[in-house]
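K.L.:
Taken in order, the sequence shown gives residues 2 to 244; the numbers are from my numbering. Just so you know, even glycine gets a beta-carbon here, dropped at the ideal spot from N, CA and C.
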Amino acid sequence: VWPGPTYFPDWFAENTQDFWTNEMQNFHSLVDYDGIWIDMNEASNFCNMDGQGQVCELIEEDPCASNECCLKCTTVDSGNSYDFPPFLPNVPYNSMSGKTISMSALHAAAGDGDEDQGPLLEYNVHNLYGLMESIATKNALLEVKPDQRPFVLSRSTSMGSGKYTTHWTGDNAATWEDLQVSIITMNNLALFGMSVTGADICGFGGTTTEELCARWIEVGAFSPFSRNHNSYGEAPQELYLWD
């Protein structure tokens, strides 16, 4: 995603929780963080923008620069009905796997006691990736900081996520329309059990204005999660920049 070649943890595997807790312990030894922000966890795969890649390979040995794709993703089974279904819904990038993990990818076998249900298709559990990461992250925080209430902020959520994580509304734009939509979105999320939500105040993409930012801050003061945040490369929008 951002740091170059990246492994996606399989949250359905039994040993992933121990791995994740250990990683968060190691990070905490470097930075005494209070909470964890888990992003791009749909999961996002910038090396498979068109969704045609079913297998991805590293094409160079040296570490890649941030934001650089060093994976070559190719189609190995064009007849796979999960990646290339006979009916394609109205999905981004005109592909089921666009900018994410291939729908035919397999997760670890899910079992309930002695009943092994076999490997799980990404096609069937795609919308659970963020939820499963939120559960693992909250569990890890309880180990790393046992005397503090865990704080997790996730972009990808599903039904039940409100028990484990807070949520923000993702990449919005610095427009009056998105200010209006942010209010509706937070109310809608509350219906799904997400009680702590909020939008990127002043807008994530595009250049905001003093008037828009001031009005958005007024609304944002009443958001359960309140954060002024925008994209790398956009104009700064800290409130102290205006008189």
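Do glutamate 144 and proline 10 count as a contact pair if the criterion is CB distance below 9 angstroms?
P.N.:
Not in contact: proline 10 and glutamate 144 (Cβ atoms no closer than 9 angstroms).
K.L.:
Under the assumption that phenylalanine 152 contacts aspartate 35 (Cβ atoms under 8 angstroms), give the Cβ distance between them as a whole number of angstroms.
P.N.:
Confirmed, about 6 angstroms.
K.L.:
Check for me: the alpha helix (DSSP H) holding tryptophan 243 runs from which residue to which?
P.N.:
No alpha helix (DSSP H) contains tryptophan 243, which DSSP labels as neither H nor E.
K.L.:
So what does DSSP say about serine 105, is it helix, strand or coil?
P.N.:
Correct three-state label for serine 105: coil.
K.L.:
Would you report the Cα separation of glycine 81 and glutamate 123, rounded to the nearest angstrom?
P.N.:
According to the sequence displayed, residue 81 carries asparagine and not glycine. Answer to the nearest angstrom: the Cα atoms are 13 angstroms apart.
K.L.:
Shortest alpha-carbon distance to tyrosine 83 belongs to which of Ile39, Gln55, Ala137 and Asn49?
P.N.:
Measuring from the Cα of tyrosine 83, the nearest candidate turns out to be Gln55.
K.L.:
If you compare alpha carbons, which of Cys74, Ala44 and Asn46 is closest to cysteine 57?
P.N.:
Out of Cys74, Ala44 and Asn46, Cys74 has the C-alpha closest to the C-alpha of cysteine 57.
K.L.:
Go ahead and label threonine 208 buried or exposed: buried means 16 or more other beta carbons lie within 10 angstroms of its beta carbon, across all protein chains shown.
P.N.:
Result: exposed.
K.L.:
Within 10 Å of its beta-carbon, does tyrosine 130 have 16 or more other beta-carbons around it, so buried, or fewer, so exposed?
P.N.:
Per the 10 Å Cβ criterion, buried.
K.L.:
Count the other CB atoms, across all protein chains shown, that sit within 10 Å of the CB of methionine 160; report buried if there are 16 or more and exposed otherwise.
P.N.:
Looking at its Cβ environment, which holds fewer than 16 other Cβ atoms inside 10 Å, methionine 160 is exposed.
K.L.:
Drop a sphere of 10 angstroms on the beta-carbon of cysteine 185, count the other beta-carbons inside from all chains shown, and report buried for 16 or more, exposed for fewer.
P.N.:
According to the sequence as given, residue 185 is isoleucine; it is not cysteine. Isoleucine 185 comes out exposed.
K.L.:
How is the alpha helix (DSSP H) around tryptophan 12 delimited, first residue to last?
P.N.:
Premise fails: tryptophan 12 is in no alpha helix (DSSP H) and is neither H nor E.
K.L.:
Indicate whether the contact test is met: 3 or more Cβ pairs, each with one atom in the stretch 194-203 and one in the stretch 164-172, closer than 8 angstroms.
P.N.:
Yes, the stretch 194-203 touches the stretch 164-172.
K.L.:
Under the assumption that threonine 158 contacts methionine 195 (Cβ atoms under 8 angstroms), give the Cβ distance between them as a whole number of angstroms.
P.N.:
Correct: roughly 7 angstroms between the Cβ atoms.
K.L.:
Measuring straight from C-alpha to C-alpha, what distance separates tyrosine 233 and valine 92?
P.N.:
Distance between the alpha carbons of tyrosine 233 and valine 92 is about 26 angstroms.
K.L.:
Find the nearest neighbour of cysteine 70 within the set Asn49, Glu15 and Asp78, judged by alpha-carbon distance.
P.N.:
Of the candidates Asn49, Glu15 and Asp78, the one whose C-alpha sits nearest the C-alpha of cysteine 70 is Asn49.
K.L.:
Is glutamate 58 helix, strand or coil when you go by DSSP?
P.N.:
Looking at glutamate 58 - three-state DSSP - the assignment turns out to be strand.
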